[in-house]
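Okay, structure first, notes after.
Protein chains in written order, with the working numbering: chain A, 1 to 115; chain B, 1001 to 1105.
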């Protein structure tokens, strides 16, 4: 068990550029989640997948955000036309296929700074 | 009303103190409750997980759920400086804001 892996760990980008983050979940976990966290706040849910199906999306996930999980393995989160308000830590998490609401395991996060 | 409410603190206690961290939640259908610990600039780390009402103990940590009042608590006994972190309560897909704890040696 190598844990949830996220790349890159840090990204600085200019406003208007596109960025993509990758998440590799724990190998036997069917569910994969994306959260966003800003300073002084708890993680805010963005979206989650069960295998390759995207089952739920928060209204926080604007049209500029897109997440994919091809073949139900790794996932990518792309932010198009970045804005300064997108600066945050993007957290990926995974969990086994048990009842929703059960424990999830987080990666170390990908820090985005939009300048 | 947010689904999970948590006092952000900060909370500062002397080493060895008993710490009480609390959250309230709004949806009575929630059954699973988690506590996570998050060190600065790191991802949250699962500490405790409870189902429905009652207590669960793990070493110096005790998690308590009172479904009648929709109140969840985490107690830390004999607190250590290494316990200094932000503690997040969570249920379903929702997290509280986190309580920042400092344990002073």
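Just so it is clear, CB atoms sit at the ideal spot from N, CA and C, and this is done for glycine as well.
Under the three-state DSSP convention, the category residue i falls into
i: residue 37 (chain A); result: strand
i: residue 1026 (chain B); result: coil
i: residue 1098 (chain B); result: coil
i: residue 1082 (chain B); result: helix
i: residue 11 (chain A); result: strand
Below-8 angstroms beta-carbon distance, residue i vs any chain A residue
i: residue 1010 (chain B); result: no
i: residue 1070 (chain B); result: no
i: residue 1103 (chain B); result: no
i: residue 1019 (chain B); result: no
i: residue 1039 (chain B); result: no
i: residue 1065 (chain B); result: no
Residue i: contacting residues in chain A (beta-carbon distance under 8 angstroms)
i: residue 1097 (chain B); result: 40, 41 and 42
i: residue 1088 (chain B); result: 42 and 43
Partners in chain B for residue i, counting only beta-carbon separations shorter than 7 angstroms
i: residue 105 (chain A); result: 1046
i: residue 108 (chain A); result: 1042 and 1043
8 angstroms Cβ cutoff, residue i in contact with chain B
i: residue 48 (chain A); result: yes
Partners in chain B for residue i, counting only beta-carbon separations shorter than 8 angstroms
i: residue 91 (chain A); result: 1043 and 1044
Chain-ordered neighbours of residue i on chain A, where CB pairs are closer than 7 angstroms
i: residue 1049 (chain B); result: 103
Within chain A, the residues that residue i reaches when beta carbons sit closer than 9 angstroms
i: residue 1093 (chain B); result: 33, 35, 45, 48, 56, 58, 100, 101 and 104
Open item on the list: Under 8 angstroms: do the segment 52-66 of chain A and the segment 1016-1025 of chain B share three or more Cβ pairs, one atom per stretch?
Closed with: They do not touch, by the three-pair rule.
Open item on the list: Would you call the segment 1025-1035 of chain B in contact with the segment 1067-1080 of chain B, where contact means no fewer than 3 C-beta pairs closer than 8 angstroms?
Closed with: Below 8 angstroms, enough C-beta pairs join the segment 1025-1035 of chain B and the segment 1067-1080 of chain B to call them touching: three or more.
Open item on the list: Please give me, in chain order, every unbroken run of the beta strand (DSSP E) with length at least 3 that falls completely inside the segment 1010-1062 of chain B.
Closed with: Entirely contained in the segment 1010-1062 of chain B, the beta strand (DSSP E) runs reaching 3 residues are, in chain order, 1011-1014, 1019-1025, 1032-1038, 1045-1051 and 1054-1058.
Task: Three-pair Cβ contact test at 8 angstroms for the segment 1049-1063 of chain B versus the segment 68-88 of chain A - done: No, the segment 1049-1063 of chain B is not in contact with the segment 68-88 of chain A.
Task: Contact the segment 68-77 of chain A vs the segment 1027-1046 of chain B: 3+ CB pairs below 8 angstroms - done: They do not touch, by the three-pair rule.
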